[in-house]
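For reference, the structure discussed in these notes is given below.
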Amino acid sequence: MEILADIYLTVRRETFVWVDPASFRHEDFKTHTHGEHLWLAEAPNGEIAGFMTLWPPDDFIHMLYVSKFWQGQGAGAALLAALPDWPHNKYRLKCLVKNSRAKAFYRSKGFVVTGSGTSAEGDFEEMSFYPDA
Numbered sequence: 001m002e003i004l005a006d007i008y009l010t011v012r013r014e015t016f017v018w019v020d021p022a023s024f025r026h027e028d029f030k031t032h033t034h035g036e037h038l039w040l041a042e043a044p045n046g047e048i049a050g051f052m053t054l055w056p057p058d059d060f061i062h063m064l065y066v067s068k069f070w071q072g073q074g075a076g077a078a079l080l081a082a083l084p085d086w087p088h089n090k091y092r093l094k095c096l097v098k099n100s101r102a103k104a105f106y107r108s109k110g111f112v113v114t115g116s117g118t119s120a121e122g123d124f125e126e127m128s129f130y131p132d133a
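The sequence shown begins at 1 in full-length UniProt numbering and counts up one residue at a time.
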């Protein structure tokens, strides 16, 4: 799990540049994923490219993080495709408003904005994926 904590820490520091990087800690991964289901994205060379966590009681995608080198190469889409009954189940997530690249990714996968709020890292939009009727 050390590599996942490394990815989580590095991607948050690289992406959330408006947040004090010292507020992100390596041990956050263990705390923030407690009780969640976890999927890994493995690159062709065997390297862990990223991960996704799900809080099953609410079908809530809590985290989807891909190492900078592997972003834009299908790892995020593969992680979503690994979700139970994807794309025939409703899923929700929160995406920071300032994280335009992630918002564009989720929109391209069919997520729509269904709410908004504020967190320690800034304003967020709740996004939901509704299966085709």
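Virtual Cβ for every residue (Gly too), placed ideally from N, Cα, C.
Using the C-alpha atoms, what's the distance from residue 63 back to residue 25?
The residue labelled residue 25 in the question sits at position 25 within the sequence shown. The residue labelled residue 63 in the question sits at position 63 within the sequence shown. Between residue 25 and residue 63, the C-alpha separation is close to 16 Å.
Are residue 70 and residue 43 close, meaning C-beta to C-beta below 8 Å?
As a working note, residue 70 is residue 70 in the sequence shown. As a working note, residue 43 is residue 43 in the sequence shown. Yes, the pair counts as a contact, with Cβ atoms nearer than the cut-off.
Endpoints, alpha helix (DSSP H) assigned at residue 32
For the purposes of this step, residue 32 is taken as the residue at position 32 of the sequence shown. Start and end: 28-32.
Using a Cβ-Cβ cut-off of 6 Å (strictly less than) and excluding sequence neighbours within five positions of residue 93, which residues of its own chain qualify?
To locate residue 93, count along the sequence shown from 1; it is residue 93. Taking C-beta separations shorter than 6 Å and ignoring five residues to either side along the sequence, the partners of residue 93 in its chain run 61 and 127, following chain order.
Within 10 angstroms of its Cβ, does residue 114 collect 16 or more other Cβ (buried), or is it exposed?
The count along the sequence shown starts at 1 and reaches residue 114 at position 114. Flag for residue 114 reads exposed.
So residue 77 packs on residue 66, CB below 8 Å; how close in whole Å?
The sequence position of residue 77 within the sequence shown is 77, counting from 1. The sequence position of residue 66 within the sequence shown is 66, counting from 1. Contact flag wrong, Cβ pair sits at about 10 Å.
DSSP beta-bridge partners for residue 50?
Taking the first residue of the sequence shown as 1, we reach residue 50 at position 50. Paired residues: 41 and 66.
Going by other Cβ atoms of all chains shown within 10 Å of its Cβ, with 16 needed for buried, is residue 82 buried or exposed?
Indexing the sequence shown from 1 puts residue 82 at position 82. Burial call: exposed.
Under a Cβ-count criterion, where at least 16 other Cβ atoms within 10 Å of its own Cβ denotes burial, should residue 22 be classed as buried or exposed?
Counted from its first residue, the sequence shown places residue 22 at position 22. Classification of residue 22: exposed, given that the 10 Å Cβ count is below 16.
Per-residue DSSP class, three states only, for residue 25:
Taking the sequence shown and counting its residues from 1, one reaches residue 25 at position 25. Reduced to three states, the DSSP call for residue 25 is coil.
Compute the Euclidean distance between the alpha carbons of residue 105 and residue 56, then round it to the nearest angstrom.
Along the sequence shown, read from residue 1 onward, the residue named residue 105 stands at position 105. Along the sequence shown, read from residue 1 onward, the residue named residue 56 stands at position 56. Distance between the alpha carbons of residue 105 and residue 56 is about 22 Å.
Counting only the same chain and skipping the five closest in sequence on each side, list residues whose C-beta sits under 8 Å from that of residue 68.
The residue labelled residue 68 in the question sits at position 68 within the sequence shown. Hits under 8 Å: 10, 11 and 14.
Quick one, are the C-beta atoms of residue 96 and residue 29 less than 8 Å apart?
If you number the sequence shown from 1, residue 96 lands on position 96. If you number the sequence shown from 1, residue 29 lands on position 29. Not closer than 8 Å, so no.
Kindly identify the DSSP beta-bridge partner or partners of residue 61.
Position 61 of the sequence shown, counted from the first residue, corresponds to residue 61. Residue 61 is bridged to 54 and 93.
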